[in-house]
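Notes follow once the structure below has been shown.
Residue numbers (the numbering used here): 2 to 78.
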């Protein structure tokens, strides 16, 4: 499984033809297929290419939503 630093993850921001990846609890997910992540942004609040662990813990939906997206790697610090 691929390992991502925060710097690596930042490149996958859904812009300029790059896929949209987000991290949650150490897993990196490819959310590119979701229309909710068009242009690397979700709900004008969240940017692809970032660790969204804290934000998702406060979101109205749970982490089960992420089960529909492929895990492409792990986040390392």
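By construction, the Cβ of each residue, glycine as well, lies at the ideal position given by its N, Cα and C atoms. All of these numbers come straight from a predicted model, not from anything done at the bench.
Contact under 7 angstroms by Cβ, residue i with residue j
{"i": "residue 23", "j": "residue 56", "result": "no"}
{"i": "residue 3", "j": "residue 77", "result": "no"}
{"i": "residue 7", "j": "residue 30", "result": "no"}
Identified DSSP bridge partners for residue i
{"i": "residue 9", "result": "Per DSSP, none; premise fails for residue 9."}
{"i": "residue 74", "result": "3 and 29"}
{"i": "residue 14", "result": "21"}
Sequence-distant residues of its chain with Cβ nearer than 7 angstroms to residue i (five each side left out)
{"i": "residue 38", "result": "15, 21, 32 and 49"}
{"i": "residue 74", "result": "2, 3, 4, 5 and 29"}
Residue i - DSSP class collapsed to helix/strand/coil
{"i": "residue 60", "result": "coil"}
{"i": "residue 49", "result": "coil"}
Whole-angstrom distance between residue j and residue i, CA atom to CA atom
{"i": "residue 71", "j": "residue 51", "result": "16 angstroms"}
{"i": "residue 19", "j": "residue 58", "result": "26 angstroms"}
Residues near residue i in its chain [Cβ-Cβ closer than 6 angstroms; skip 5 each side]
{"i": "residue 54", "result": "25 and 26"}
Contact set for residue i: own chain, Cβ-Cβ below 8 angstroms, skip 5 residues either direction
{"i": "residue 34", "result": "70"}
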